[in-house]
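K.L.:
Next up is a structure, given as structure tokens.
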Amino acid sequence: MQAISRLLASAFLVSGLALPQSGDTKPRFELADVHVSPPTRNPFIREPQFRNGRYEVRFATMVDLIGKAYGVQPERVSGGPNWVENDLYKINARAAAGTTLETAKPMLQSLLADRFSLAIRKDTKSVPSYALRISKRGQLKEAQGSGDPDCKFIPPTPPPAGTPPSAPLLTYNCRKMTMAGFSEVLSSSLVLGAQILSNKVTVDETALKGAFDFDFKYTPPSYMTGGAIAGAEVITLFDAMEKIGLKLEPVDVPLPVIFIESVNQKPTPNQPNIAEALHITPPPTEFEVAQIKLTAPDFRGMRLQAQPGGRINIAGTPLKFLIQQAWDLSDDMIVGTPKWMETERFDIVAKADMPGQVDIDDLWPMLRALLKDRFKLETHMETRQVTAYTLVSVKPKMKKADPASHTKYKEGAGADGKDPRDKNPILGRLVTVQNMTMAQFAEKLKGIAPGYIKTPVLDATGLPGGYDFTLSFSPAGAGQAPPGGGGRGGGAPDGPQPPAAGEASSAADPNGAVTLF
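Written out as structure tokens, the structure reads:
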């Protein structure tokens, strides 16, 4: 998302961009297309990258953009209006040849100031974090040999055919790691620490000097569901640290932060015909080449991977499931399917004519075209009654939000660090909501819990203002099928229903699973 270029002749200036002051030599993108991101069922930032010679970032909040521009984690950006972690933007920009993501940072800083009138100041603030501390001395071994520090992921070995499902243990071999370096690794997506630790910073408080060799393994929360953990070894990331003589504890740490003094919600207009000037072409609607075959009988599970070079690798998927995903439908919104569409499983290897990895939003039109062509799929749309939901108020226990706080939701625990999944791993999902109105929450429920909700949710709570709360539930299909059949791969239409008004919510299954409702 970063590119560096010298300010060129005025021909490069875009209408709507603020003209630099005399003597302003800050690097700027040569051209930039800035607009609100279109709706998506996956509203998570697409990390900055250079694609087709352009700098691109999608589905980024203002806090995301500031974090990328100044090289800080989003948790270290504060202040500003409440929409800065809710509204999503897309940027396509051109920079001088040789620009890298690192050298593009000052260009993104200039763009935010020019197009959004962003004004910031640097400050210090106490930030909820995790401290890496010693639990048992002598557990870590001093590093041997030479080479660069590294924590390498070791893929799990597929279980033999016929083996009951179990929760995988993700294994990492760390070599020549300092504790300061390992603290950074724990906060990264490398070990899913960004999700498990709720994107909090990890600071080294071990006082250990030098580098160490060690291994650790743990079960990611997303796999701690239903029968997947029956009889299987389950290790949380916190347990894994204890096994190597370390511990992670919540702390408040004073850290440098960026404070938003002011920012505009709407960017200044793009120049006319900016897409043509940047040579932006729409993504392909068909695969360049594709192979489809029946899944091998001994293959277990399902897989959908986007790989470099525009490749897609899908394995073990019934045709009905592919139709659900490609058209964003629930089970009860598809009728007239023969039984084999649910029982026969298929593998698809396909390549799109585009560089880099295929974005999930660009995949669905290509998959629709492929299914129509290769399976001679013919469909039509008609109106029928299906299960849909209205959000109503039944003795709400939510906390009124500070109106000045940012509107957002995230996967993981809130500021108190409490995570009910530690005691009941089958809950699986923990969503923390901050300063969100019930209308906004109803609108986002489809994205928060797509396994349960496939249709828009109406707000009939009548509750004013914004609220703070956490929502802890089991993924669809953990223990029982989701209501309305909206789970992964579909479920029975007569799945568990939400409790009636006034009834207490309870576990949907003896194994401790709790539905979204």
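Note that our numbering has the sequence shown beginning at 682, numbered continuously upward.
Ideal Cβ placement from N, Cα and C applies to all residues, glycine included.
1) Based on the DSSP output, what are the partners of P937 in its beta bridges?
2) Tell me the rounded alpha-carbon separation between T966 and A1007.
3) Using DSSP with H/G/I as helix, E/B as strand and the rest coil, what is G1146?
4) Out of R856, A713, K1127 and F731, which one is the CA nearest neighbour of G779?
5) Measuring CA to CA, which of Q820, L1044, W1045 and P809 is closest to L936?
6) Specify the secondary structure class of P999 as computed by DSSP and reduced to three states.
7) Along the chain, where does the alpha helix (DSSP H) containing T1024 start, and where does it finish?
8) Indicate whether the contact test is met: 3 or more Cβ pairs, each with one atom in the stretch 1071-1087 and one in the stretch 759-778, closer than 8 angstroms.
9) What residue range does the beta strand (DSSP E) around S759 cover?
10) Is A750 helix, strand or coil when you go by DSSP?
11) Apart from the five residues on each side of it in sequence, which residues of its chain come closer than 8 angstroms, Cβ to Cβ, to D933?
12) When the Cα of G752 is compared with those of Q790, F980, S943 and K1104, which residue comes out closest?
13) What is the DSSP secondary structure of K1125, reduced to helix, strand or coil?
14) Which of helix, strand or coil does DSSP assign to Q1154?
15) Using the DSSP secondary-structure output, state which residues sit across from R992 in a beta bridge.
16) If we call anything under 8 angstroms between Cβ atoms a contact, is G991 one with D1034?
17) Kindly list the residues whose CB is nearer than 7 angstroms to the CB of G1143, restricted to its own chain and excluding five residues on each side of it in sequence; keep chain order.
18) Do F1056 and L985 have their C-beta atoms closer together than 8 angstroms?
19) Is the beta carbon of D1140 closer than 8 angstroms to that of N1116?
20) Please check the pair A892 and K857, which I expect to be a contact at CB under 8 angstroms, by giving their CB distance rounded to whole angstroms.
21) Between the stretch 820-835 and the stretch 954-968, are three or more C-beta pairs nearer than 8 angstroms?
22) Thinking P787 and P708 are a contact (beta carbons under 8 angstroms), I'd like their distance in whole angstroms, please.
23) Report the three-state DSSP secondary structure of A741 (helix, strand or coil).
24) Less than 8 angstroms between the beta carbons of Y1133 and V1114, yes or no?
25) Less than 8 angstroms between the beta carbons of S1153 and L1111, yes or no?
26) Check whether the stretch 767-774 touches the stretch 710-718, counting contact only when three or more Cβ pairs, one atom from each stretch, lie closer than 8 angstroms.
27) To which residues of the same chain is K898 closer than 8 angstroms at the C-beta, ignoring the five residues directly before and after it?
28) Just list the residues that DSSP pairs P931 with in beta bridges.
29) Report all residues from its chain with a CB closer than 7 angstroms to the CB of L1243; omit the five preceding and five following residues, and keep chain order.
30) If contact is defined by three or more beta carbon pairs under 8 angstroms, each pair taking one atom from either stretch, is the stretch 943-952 in contact with the stretch 1017-1024?
31) If you follow the beta strand (DSSP E) that L975 is part of, which residue opens it and which one closes it?
32) Given a cut-off of 8 angstroms, decide if R814 and E737 are closer than it, judged by their beta-carbon atoms.
33) Provide the residue(s) that pair with H716 in DSSP beta bridges, ordered along the chain.
34) Spatial neighbours of I877 within its chain, please: CB distance less than 6 angstroms, with the 5 preceding and 5 following residues excluded, ordered by chain position.
35) Take T900 as the anchor and find which of D768, F940, P837 and Q988 has the nearest alpha-carbon.
36) Which of helix, strand or coil does DSSP assign to M1014?
P.N.:
In short:
1) For P937, DSSP records a beta bridge to T805.
2) If you take the alpha carbons of T966 and A1007, they lie about 12 angstroms apart.
3) Looking at G1146 - three-state DSSP - the assignment turns out to be coil, as it is neither helix nor strand.
4) With distances taken between CA atoms, G779 lies nearest to F731 out of R856, A713, K1127 and F731.
5) If we check each option's Cα against that of L936, P809 comes out closest.
6) Look at P999 here: in three-state DSSP terms it is strand.
7) Its alpha helix (DSSP H) spans residues W1021 to T1024.
8) The answer is yes - the stretch 759-778 touches the stretch 1071-1087, with three or more Cβ pairs under 8 angstroms.
9) Its beta strand (DSSP E) spans residues V758 to G760.
10) The answer is helix: DSSP assigns A750 an H, G or I state.
11) Taking C-beta separations shorter than 8 angstroms and ignoring five residues to either side along the sequence, the partners of D933 in its chain run S807, V808, P809 and S810, following chain order.
12) Out of Q790, F980, S943 and K1104, Q790 has the C-alpha closest to the C-alpha of G752.
13) Note: K1125 maps to helix in three-state DSSP.
14) A small fix is needed here, since residue 1154 is Phe in this sequence, not Gln. Strand at F1154.
15) DSSP, once it has assigned bridges, lists Q988 and K1032 as partnering R992.
16) Going by C-beta atoms, G991 is nearer than 8 angstroms to D1034.
17) Closer than 7 angstroms at Cβ, skipping near neighbours: S1074.
18) F1056 places its beta carbon 8 angstroms or farther from that of L985.
19) No.
20) Confirmed, Cβ separation roughly 5 angstroms.
21) With a cut-off of 8 angstroms, the stretch 954-968 and the stretch 820-835 do not count as touching, because too few Cβ pairs lie within range.
22) Cβ-Cβ separation between P787 and P708: approximately 5 angstroms, consistent with a contact (criterion under 8 angstroms).
23) Strand.
24) Cβ atoms of Y1133 and V1114: not closer than 8 angstroms.
25) Yes.
26) The stretch 767-774 makes contact with the stretch 710-718: 3 or more CB pairs, one atom from each, lie closer than 8 angstroms.
27) Taken in chain order, the residues that qualify are L850, L851, T852, Y853, I916 and A921.
28) P931 pairs with Y811.
29) A query on residue 1243 cannot be resolved here, the shown segment of the chain reaching from 682 to 1198 and no further.
30) Inter-segment contact for the stretch 1017-1024 and the stretch 943-952 is absent: fewer than three beta-carbon pairs are separated by less than 8 angstroms.
31) Under the DSSP assignment, L975 falls in the beta strand (DSSP E) whose first and last residues are V970 to L975.
32) Between E737 and R814, the C-beta gap is not smaller than 8 angstroms, which leaves the two residues out of contact.
33) DSSP output for H716 lists K771 as bridge partner(s).
34) Apart from the 5 residues on each side of it in sequence, I877 sits with its Cβ closer than 6 angstroms to the Cβ of L918 in its chain, given in chain order.
35) T900 has its Cα closest to that of P837, out of D768, F940, P837 and Q988.
36) Three-state result, M1014: helix.
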